[in-house]
Amino acid sequence: MSMQAKWERLLSQLPRAGSLEFWRELNPDLSISDHPFQVPRPTPQPASALLDSYRERMEEEAYFQTEPILPPDMLASMRKAIESVKEAGLPAMFAFVYDIFYQGLTHFDAAFTAVLGENYRLVPNFAVYYIEPSDQGKGFAPHRDAEYLNALDEQGMPTVMTVWITVTEASPLNSCLYIVPKNRDPQYADSVKDLSVTADAFAWEDVRALPTPPGVMSCWSQYLFHWGSRASRRAQDPRITYAVYLQSGKVEPVAEQTVAVPAALGFTERLSMICRSLRHNNYATFAGWERSEELLAFLDRHTL
Ligand SMILES: [Fe+2]
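See the structure below:
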């Protein structure tokens, strides 16, 4: 389908995206409740030594990854939800209407608390990545997230953190993360104080590939240099991940409409967070399109 045709389809579908009934009919098996962070069976609390190792790695390398803990049936439902949204002609990010993506976060609550402390908050900065298993598929070009200055506490823990959860395996063949650990990046410290600092002084051998099984939470600071690599047509499966920002409750909210976790978060509030995220993360892709006002009007209408 051409880009033009995709946009036409998106605009024709868009009015339905504001209706809770549409989402319920699209995935009758998936809940949209007012308490999306509640899980039927909470994950057992990880050993304190493991949580200590997360903090240690965050301090030393500015990122860490958990064990694969999301259950296969949950991952299968997440994949189905994301694919159904795409098939409906809507941006995959709308999958965040479903509870399951917030329940997925809850499974990593202990890791989040270890870094951010109690009362951490969800920031309306969401993303869903669906990298096709083709030579055209690729993740984001090398960058630091770098939206906030000095987003670190006295212990060196981030006060704003990027959280990235694998729904399918991320491999070097279907696009995975590549990073330069903080302690191998000579410009890391400068980038904390100046968001324009790039990364061009590290050694190639210090680049680390992060092939990641499904159901793992990866997280990093605002300043970690990273990218999503090029996929290959020889890959078997798409690389599907979802991402959010979390922030510490100890600092002022970094954006409008952050919410305490766990929070009551109904459909209207969720839709608003999705619309904010679409504007924040995807504005550049649709701003140049001739009918972008129609999309922007939808986003405005549903942003609280
Ligand atoms: Fe990033």
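Here the working numbering runs 17 ahead of the position in the sequence shown, where the first position is 1. Backbone N, C-alpha and C fix where the C-beta goes; we use that ideal spot for every residue, glycine too.
Quick one: grab the DSSP three-state call for residue i.
i, result
"arginine 138", "strand"
"glutamine 82", "strand"
"valine 180", "strand"
"threonine 123", "helix"
"arginine 161", "coil"
"proline 32", "helix"
"histidine 243", "strand"
"serine 235", "strand"
"lysine 155", "strand"
"alanine 226", "strand"
"glutamine 264", "strand"
"proline 325", "No information on residue 325 is available, as it lies outside the stretch 18 to 321 that the chain covers here."
"isoleucine 49", "coil"
"tyrosine 71", "helix"
"tyrosine 195", "strand"
"leucine 321", "coil"
"leucine 169", "strand"
"glutamine 253", "coil"
"tyrosine 374", "Coverage of the chain is limited to positions 18 through 321, which leaves residue 374 absent and any answer about it impossible."
"methionine 18", "coil"
"tryptophan 306", "coil"
"arginine 58", "coil"
"threonine 285", "helix"
"glutamate 269", "coil"
"phenylalanine 129", "helix"
"valine 214", "coil"
"leucine 190", "coil"
"asparagine 298", "helix"
"leucine 107", "coil"
"phenylalanine 315", "helix"
Of the choices the options, whose alpha-carbon is the least far from that of residue i?
i, options, result
"glutamate 342", "Ile291, Gly154, Asp254, Gln21", "Nothing can be reported for residue 342: it is not among the residues displayed for the chain, which extend from 18 to 321."
"glutamate 76", "Leu169, Ser235, Leu92, Phe125", "Leu169"
"glycine 121", "Asn298, Met95, Tyr262", "Met95"
"glycine 245", "Leu227, Leu313, Asp254, Arg251", "Leu227"
"alanine 218", "Thr183, Gln204, Arg308", "Gln204"
"phenylalanine 129", "Cys193, Tyr80, Asn298, Leu212", "Tyr80"
"asparagine 191", "Leu68, Gln82, Ile148", "Ile148"
"proline 57", "Leu31, Pro63, Ser48, Ser101", "Ser48"
"aspartate 254", "Ser36, Cys193, Tyr300, Glu84", "Cys193"
"arginine 250", "Leu295, Pro150, Gln62, Ala93", "Pro150"
"tyrosine 300", "Leu313, Thr285, Ala34", "Leu313"
"glutamate 171", "Leu68, Tyr259, Leu133", "Leu133"
"proline 85", "Pro231, Gln55, Ser213", "Pro231"
"asparagine 136", "Leu321, Gln264, Tyr71, Asn298", "Gln264"
"serine 235", "Asp211, Tyr262, Arg287", "Tyr262"
"alanine 206", "Arg161, Gln62, Ala248", "Arg161"
"valine 180", "Thr215, Tyr119, Asp211", "Tyr119"
"arginine 325", "Glu310, Pro32, Phe54, Ala22", "Nothing in the structure corresponds to residue 325, since the chain is present only between 18 and 321."
According to the neighbour-count rule (16 or more other Cβ atoms, all chains shown, within 10 Å of its Cβ), is residue i buried or exposed?
i, result
"aspartate 116", "buried"
"histidine 124", "buried"
"serine 208", "buried"
"leucine 139", "buried"
"serine 188", "buried"
"serine 29", "exposed"
"methionine 178", "buried"
"glycine 305", "exposed"
"tryptophan 221", "exposed"
"methionine 18", "exposed"
"aspartate 202", "buried"
"alanine 277", "exposed"
"methionine 20", "exposed"
"leucine 43", "buried"
"alanine 98", "buried"
"leucine 166", "exposed"
"serine 36", "exposed"
"glutamine 82", "buried"
"glutamate 269", "exposed"
"serine 65", "exposed"
"serine 213", "exposed"
"glutamate 78", "buried"
"proline 61", "exposed"
Could you name the residues that DSSP lists as bridge partners for residue i?
i, result
"threonine 258", "Tyr146, Thr183"
"alanine 277", "Arg138"
"proline 203", "None, per the DSSP bridge assignment."
"proline 175", "Leu169"
_Quick test of the definition: if touching needs 3 or more C-beta pairs under 8 Å, does the segment 193 to 213 touch the segment 230 to 247?_
yes
*asked:* With a threshold of 8 Å, are at least 3 pairs of Cβ atoms found where one atom belongs to the segment 87 to 94 and the other to the segment 150 to 163?
replied: no
*Three or more C-beta pairs closer than 8 Å, one from the segment 281 to 291 and one from the segment 177 to 186: is that the case here?*
no
*asked:* Beta-carbon distances below 7 Å to any heavy atom of ligand 2 define the shell here; list its residues in chain order, please.
replied: Because ligand 2 does not appear in the structure shown, any question about it cannot be addressed here, the ligands present being ligand 1.
_Closer than 8 Å is the cut-off here; do at least three beta carbon pairs connect the segment 21 to 38 with the segment 96 to 112?_
Enough Cβ pairs lie closer than 8 Å, so yes.
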